[in-house]
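Encoded as structure tokens, the structure appears first; notes follow it.
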Amino acid sequence: MAQLVVVSNRVAVPDKAASQRAGGLEVAVNAAFKDRSGIWFGWSGKITAHTRITTQKAHDNITYITLDLSREDHKEYYNGFANRVLWPILHYRVDLAEFSQRDLSGYLRVNNHFADELHKVLGPDDIVWVHDYHLMPLAKALRERGHANHIGFFLHIPCPPPEMLTALPHHDLLVPSLCDYDLVGFQTGDDAFNFSRYLARECGLHNRDFNFMVDGRTMRVGVFPVGIETEAFARLARDSERMPLVRKVLVSLAGRALIIGVDRLDYSKGMLHRLAAFEAFLKTHSQWRGKVTYLQIAPKSRAEIPEYADIAAGIGAAAGRINGAYGEAEWTPIRYVNRAYSRATLAGLYRAARVGLVTPLRDGMNLVAKEYVAAQDPDDPGVLILSQFAGAAHECQEALLVNPYDPDSVAAAIGQALAMPLAERRARHKAMFDVLARHDIQAWADRFLADLQREPELLGRVGRL
Ligand code: ADP
Ligand code: F6P
2 MAQLVVVSNR VAVPDKAASQ RAGGLEVAVN AAFKDRSGIW FGWSGKITAH
52 TRITTQKAHD NITYITLDLS REDHKEYYNG FANRVLWPIL HYRVDLAEFS
102 QRDLSGYLRV NNHFADELHK VLGPDDIVWV HDYHLMPLAK ALRERGHANH
152 IGFFLHIPCP PPEMLTALPH HDLLVPSLCD YDLVGFQTGD DAFNFSRYLA
202 RECGLHNRDF NFMVDGRTMR VGVFPVGIET EAFARLARDS ERMPLVRKVL
252 VSLAGRALII GVDRLDYSKG MLHRLAAFEA FLKTHSQWRG KVTYLQIAPK
302 SRAEIPEYAD IAAGIGAAAG RINGAYGEAE WTPIRYVNRA YSRATLAGLY
352 RAARVGLVTP LRDGMNLVAK EYVAAQDPDD PGVLILSQFA GAAHECQEAL
402 LVNPYDPDSV AAAIGQALAM PLAERRARHK AMFDVLARHD IQAWADRFLA
452 DLQREPELLG RVGRL
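Using this note's numbering, you'd call the opening residue of the sequence shown number 2 and step up by one each time.
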């Protein structure tokens with residue numbers, strides 16, 4: 002029988018820590034498995050000395066198959082090529098990319114190793130869904146091992162224009178290998194368009210309605226903005242208001258307005274620029290001094306990578322400096338914490354916040370923005386301030402959309418949000434909530450998988466889920 006085989010670098014094997022891990026992909030993949038059964042395949046999260054032990058664990062409808070990575074593989078594939086080359090370039094930060102031939106070899110080696118292990122478990126009818134930039138050449142590796150399955154790919158992060166993609170050393174090896182997928186999905190129309198332009202410019206491939214003929218077969222490109230479990234998250238937020246930790250935070254605010262930021266500690270999230278904007282706000286809106294608290298929750302991420310260590314140090318220093326300059330004995334403007342919280346706690350904190358400050362310099366989607374909207378009390382909602390460079394801006398048009406590089410305009414938006422009349426807050430919130438309820442995570446997974454199996458010339462050759 003046809004089963005779903007999801008492949009991603011991170012796998013959310015159910016355990017105690019799972020509800021406190023930061024990262025959008027895991028929640029999305031879990032939704033794909035609602036009402037479906039199959040395999041979730043990827044890295045165990047463990048680094049071992051030499052061997053790569055494969056672990057299998059079945060839970061409900063999912064069999065989790067995970068591999069440990071050797072130190073060398075982790076260094077070259079994950080810390081190296083995936084996160085010091087692909088991540089910065091795909092986030093328009095060519096200046097931060099640190100390429101080495103060795104890391105590229107490690108990346109290809111791990112992709113081949115994934116393909117070897119998948120080869121052992123993949124049935125001819127299985128539908129394969131590969132996620133994210135860690136695994137771009139995986140379909141090619143699977144095809145080389147004889148697999149003609151429907152294989153789809155979804156990129157959770159942005160795809161820059163070809164002028165920037167071509168700065169990726171050996172892009173001509175990697176980017177065209179995406180054509181071995183049957184369907185390549187992106188977060189926004191801009192990302193899909195950028196990829197199509199790359200294929201036209203670098204590979205001479207032209208498309209009709211995002212359908213490309215590649216070596217006699219059709220490869221399709223699609224736009225699938227990833228969503229959240231909107232209704233369930235709204236319920237969670239309602240119930241979490243009474244959680245002891247959320248109550249404690251509210252009591253500690255002593256009536257001050259709460260501004261919240263929740264981000265993995267990543268330079269793409271624009272936290273340094275955001276702190277500068279908050280400082281500009283304190284400077285220009287002196288009437289709010291002592292009456293507002295900005296809580297920035299930023300769990301550490303990819304901490305072994307120098308650019309991440311640098312941004313962590315920079316943010317800590319900036320928060321300390323602003324608190325020193327503007328704080329009083331009885332008031333600290335910025336509360337900065339590096340830990341992860343349960344989804345329930347986050348939901349309760351979002352709901353307690355009058356302003357959600359989400360200002361990435363570039364982001365594939367940004368689920369925090371959507372979670373903030375879903376968590377609000379519709380009768381008295383807070384205001385979302387959202388970067389125009391987050392994928393979520395396409396669906397959250399009623400947010401206060403800002404340019405994160407312009408601290409003065411973000412400061413003005415904070416002032417506007419805090420002063421916004423109730424009727425306007427309600428209208429903006431309702432418009433966004435309705436969109437997010439229609440395009441929730443279930444709709445996203447269903448639409449991608451339906452599209453992946455729709456290819457006319459292949460229908461009948463493989464089973465349907
Ligand atoms: P990314 O995938 O780049 O990390 P997203 O905003 O799309 O960014 O997704 C982040 C996910 O991680 C969200 O679901 C968010 O709730 C979760 N998250 C972020 N920070 C924390 C935290 N401190 N504790 C728990 N979960 C977090
Ligand atoms: O959204 C991009 C992404 O890389 C996801 O794949 C992942 O859930 C998240 O960021 C966290 O990153 P990492 O797996 O490197 O901790």
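Cβ coordinates follow ideal geometry from the N, Cα and C atoms, glycine included.
Taking all protein chains in view, the Cβ of Glu329 is surrounded by fewer than 16 other Cβ atoms within 10 Å, so the residue is classified as exposed. Runs of the alpha helix (DSSP H) lying entirely within the segment 362-428, each at least 4 residues long, are 368-376, 408-420 in chain order. Here the alpha carbon of Asp311 sits roughly 12 angstroms from the alpha carbon of Arg303. Asn212 has Arg209, Arg221 as its beta-bridge partners, per DSSP. A straight line joining the alpha-carbon of Val129 with that of Leu423 spans about 47 angstroms.
Boundaries for Ser241: no beta strand (DSSP E) harbours it, while the alpha helix (DSSP H) harbouring it runs 231-241, taken from the DSSP string. With a threshold of 7 angstroms, the Cβ atom of Pro226 does not count as near ligand 1, since no heavy atom of the ligand is closer than that.
Placement of the Cβ of His157 at a distance of less than 7 angstroms from at least one heavy atom of ligand 2 is found. Out of Ile152, Val356, Pro163, Arg103, the CA that lies nearest to the CA of Pro382 is found in Val356. By the CB criterion at 8 angstroms, Asn113 and Ala83 fall outside the cutoff. Under the three-state reduction of DSSP, Ala201 is assigned to helix.
Bounds of the alpha helix (DSSP H) holding Ile316 are 307-327.
By DSSP's assignment, Gln454 forms no beta bridge with any residue. Counting C-beta pairs with one atom in each stretch, the segment 142-161 and the segment 446-457 have three or more that are closer than 8 angstroms, which means they touch. For the set Ala32, Arg72, Arg94, Ala59, the Cα lying nearest the Cα of Lys47 is the one of Arg72. As far as DSSP is concerned, Ser38 takes part in no beta bridge. The straight-line gap separating the alpha-carbon atoms of Met165 and Arg363 is approximately 14 angstroms.
The C-beta of Ile54 has fewer than 16 other C-beta atoms within 10 Å across all chains shown, which makes the residue exposed. Three or more beta-carbon pairs separated by less than 8 angstroms are not found between the segment 185-195 and the segment 402-414, which leaves the two stretches without contact.
Under the criterion of beta carbons closer than 8 angstroms, His274 and Pro405 qualify as touching, at roughly 5 angstroms. No heavy atom of ligand 1 is found nearer than 7 angstroms to the CB of Val250. Within the chosen limit of 7 angstroms, ligand 1 reaches the beta carbon of Pro300 through at least one heavy atom. Boundaries of the alpha helix (DSSP H) around Asn113: 102-122. Taking a C-beta distance under 8 angstroms as the contact criterion, Leu5 and His132 do not qualify as a contact pair.
Membership of Tyr295 in any alpha helix (DSSP H) is not indicated; the residue belongs instead to the beta strand (DSSP E) covering 293-298. In the structure shown, Asp69 adopts extended strand secondary structure according to DSSP, grouped into three states. Of the residues His75, Leu123, Leu179, the one whose Cα lies closest to the Cα of Arg103 is His75.
C-alpha of Glu242 to C-alpha of Ala353: approximately 8 angstroms in a straight line. For His151, the number of other beta carbons within 10 angstroms of its own is at least 16, and it is reported as buried. Rounded to whole angstroms, the gap between the alpha carbons of Ser45 and Ser253 is 39 angstroms. A straight-line Cα-Cα distance of about 18 angstroms links His440 and Pro379.
For Val247, same chain residues with a beta-carbon under 7 angstroms away, outside a window of 5 residues either side, are Ser241, Thr346, Gly349, Leu350, Ala353 in chain order. Following the DSSP letters along the chain, one finds Gly25 in no beta strand (DSSP E) but inside the alpha helix (DSSP H) bounded by residues 25-33. The beta carbon of Gln297 sits closer than 6 angstroms to the beta carbons of Gly262, Tyr337 from its chain, once the five residues preceding and following it are set aside; these are given in chain order.
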